[in-house]
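First up is the structure itself, then whatever we jot down about it.
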Amino acid sequence: MKRLIISLHFLLCTALWSSADEWKSLTVGIPDICQGDDPIVRHLYVDAVRSGGHCPFVIPYTTDSLAIVAALQRIDVLMLTGGEDINPALYNEEPSIYLERTNNRRDSFEVKILKVAVALRKPILGICRGMQMINVFFGGTLYQDLPSEHETNIPHRQNLPKNKPVHSVGFERNSRLYDILKTDTIMVNSLHHQAVKSIAPGFRITAKAHDGIAEGIQCDSLPILGVQFHPEGLVKDGNIFQRLFKHLLEILFH
Ligand code: MN
Numbered sequence: 026m027k028r029l030i031i032s033l034h035f036l037l038c039t040a041l042w043s044s045a046d047e048w049k050s051l052t053v054g055i056p057d058i059c060q061g062d063d064p065i066v067r068h069l070y071v072d073a074v075r076s077g078g079h080c081p082f083v084i085p086y087t088t089d090s091l092a093i094v095a096a097l098q099r100i101d102v103l104m105l106t107g108g109e110d111i112n113p114a115l116y117n118e119e120p121s122i123y124l125e126r127t128n129n130r131r132d133s134f135e136v137k138i139l140k141v142a143v144a145l146r147k148p149i150l151g152i153c154r155g156m157q158m159i160n161v162f163f164g165g166t167l168y169q170d171l172p173s174e175h176e177t178n179i180p181h182r183q184n185l186p187k188n189k190p191v192h193s194v195g196f197e198r199n200s201r202l203y204d205i206l207k208t209d210t211i212m213v214n215s216l217h218h219q220a221v222k223s224i225a226p227g228f229r230i231t232a233k234a235h236d237g238i239a240e241g242i243q244c245d246s247l248p249i250l251g252v253q254f255h256p257e258g259l260v261k262d263g264n265i266f267q268r269l270f271k272h273l274l275e276i277l278f279h
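My numbering numbers the first residue of the sequence shown as 26 and each following residue consecutively.
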């Protein structure tokens, strides 16, 4: 038994040592998506964080600001995930008749989390709704209903499963996304009803679909980045999307 414990300890130390050698394993905070009484995060995001060699950390819903501070002090990176439409009241607009389901509890939780994360200068990665929430938080606006507000023949809301890419995205050369992905264009999935309309002050659009819709944003003065597509749905061992999760700090700080 003692022998077993010693060899397990050795294996654990070796694993930690070799991973620390290549990159730092980070604690990635993923907020509860506020879908009921129990904390929930979607497994695809959890798996993607693990696939990048990092540790997912669920942040359960709370209105207690001190509990939010305590949680955020423990993480290295904040990841905001996909979900419902964002209440347009957050950017001072009346709701469109085509606005879909919103989640005020989640909106207010994520706004509180963002306030603390920014104050603590935590790196932030927003995916889909997460990117839109970052844009709104910093003073940008959204297309409340993309089909009625921006004519396009690109299927931004695919019927195909999340692991199927449906449209191309072009990257700015001078961007963190380009530095990590090292490609001008890539095929991505697309499962969004809303999109960035006016970009928040201090941010710029670093990736676009052919129709001009923002598919990536970054802040140049803070380690904050967003993607409109869902890399967690496309990640596979060794593929280009895994780089986003593997090199989290590099994409955020580059
Ligand atoms: Mn899209």
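Glycine included, each C-beta is placed from N, C-alpha and C at the ideal position.
Open item on the list: Rounded to the nearest angstrom, what separates W42 and I159 at their Cα positions?
Closed with: What you label residue 42 is simply residue 17 of the sequence shown in a count that begins at 1. What you label residue 159 is simply residue 134 of the sequence shown in a count that begins at 1. With a pLDDT of 49 at W42, under the threshold of 50, the modelled position of that residue is not reliable, and the figure given next carries that caveat. So the alpha carbons of these two residues sit roughly 35 Å apart.
Open item on the list: Give me the pocket residues for the ligand MN, defined as CB within less than 5 Å of any heavy atom, sorted by chain position.
Closed with: Taking every residue with its beta carbon within less than 5 Å of a heavy atom belonging to the ligand MN gives, in chain order, H181 and S215.
Task: Cβ neighbour criterion (16 or more within 10 Å) applied to M212 - done: Along the sequence shown, one-based indexing puts residue 212 at 187. The residue in question, M212, is exposed, as its Cβ has fewer than 16 Cβ neighbours within 10 Å.
Task: Supposed contact pair E135 and P64 - C-beta distance, whole angstroms, cut 8 Å - done: What you label residue 64 is simply residue 39 of the sequence shown in a count that begins at 1. What you label residue 135 is simply residue 110 of the sequence shown in a count that begins at 1. About 14 Å separates the Cβ atoms of P64 and E135, ruling out a contact at the 8 Å cut-off.
TODO: Would you decide whether C38 is buried or exposed? Buried here means 16 or more other CB atoms lie within 10 Å of its CB.
DONE: Here residue 38 is taken as the residue at index 13 of the sequence shown, counted from 1. Only weak support exists for where C38 lies, its pLDDT of 49 falling under 50; the value from the coordinates is given anyway. Exposed.
TODO: List the whole-angstrom C-beta distance separating L206 from I265, where the pair is believed to meet the contact cut-off of C-beta under 8 Å.
DONE: What you label residue 206 is simply residue 181 of the sequence shown in a count that begins at 1. What you label residue 265 is simply residue 240 of the sequence shown in a count that begins at 1. Your pair L206 and I265 checks out as a contact, with CB atoms roughly 6 Å apart and the cut at 8 Å.
TODO: Quick one: using the 10 Å Cβ neighbour count with 16 as the cut-off for buried, is P186 buried or exposed?
DONE: As a first step, residue 186 is located in the sequence shown; it is residue number 161 there, counting from the start. That one is exposed.
- [ ] Would you mind giving the Cβ-Cβ distance between D110 and E125, rounded to the nearest angstrom? I have them listed as a contact below 8 Å.
- [x] Numbered from 1 along the sequence shown, position 85 holds the residue referred to as residue 110. Numbered from 1 along the sequence shown, position 100 holds the residue referred to as residue 125. Their Cβ separation, rounded to whole angstroms, is 5 Å, which keeps D110 and E125 in contact under 8 Å.
Task: Buried or exposed by the 16-neighbour rule on C-beta atoms within 10 Å, applied to Q98 - done: Your numbering for residue 98 matches position 73 in the sequence shown. Exposed, by the Cβ-count rule.
Open item on the list: DSSP three-state label for A232, please.
Closed with: Mapped onto the sequence shown, residue 232 falls at position 207. Correct three-state label for A232: strand.
- [ ] Report the residue from L69, T88, G107 and C153 whose alpha carbon sits nearest the alpha carbon of Q253.
- [x] Numbered from its first residue, the sequence shown carries residue 253 at position 228. When each option's Cα is compared against that of Q253, the closest is C153.
Open item on the list: Need the endpoints of the beta strand (DSSP E) that L250 sits in, please.
Closed with: Here residue 250 is taken as the residue at index 225 of the sequence shown, counted from 1. Here the beta strand (DSSP E) through L250 covers I249 to V252.
Open item on the list: List, from N- to C-terminal side, the alpha helix (DSSP H) runs of 4 residues or more that fit wholly inside the stretch 105 to 189.
Closed with: Unbroken alpha helix (DSSP H) stretches of 4 residues or longer found wholly inside the stretch 105 to 189: 129 to 144, 154 to 162 and 171 to 174, given in chain order.
- [ ] Name the two residues that bound the continuous beta strand (DSSP E) containing H192.
- [x] One-based indexing of the sequence shown puts residue 192 at position 167. Counted as a single uninterrupted DSSP element, the beta strand (DSSP E) harbouring H192 occupies residues H192 to F196.
- [ ] Output yes or no for whether 7 Å exceeds the beta carbon distance between I93 and V141.
- [x] For the purposes of this step, residue 93 is identified with residue 68 of the sequence shown, where counting begins at 1. For the purposes of this step, residue 141 is identified with residue 116 of the sequence shown, where counting begins at 1. Closer than 7 Å, so yes.
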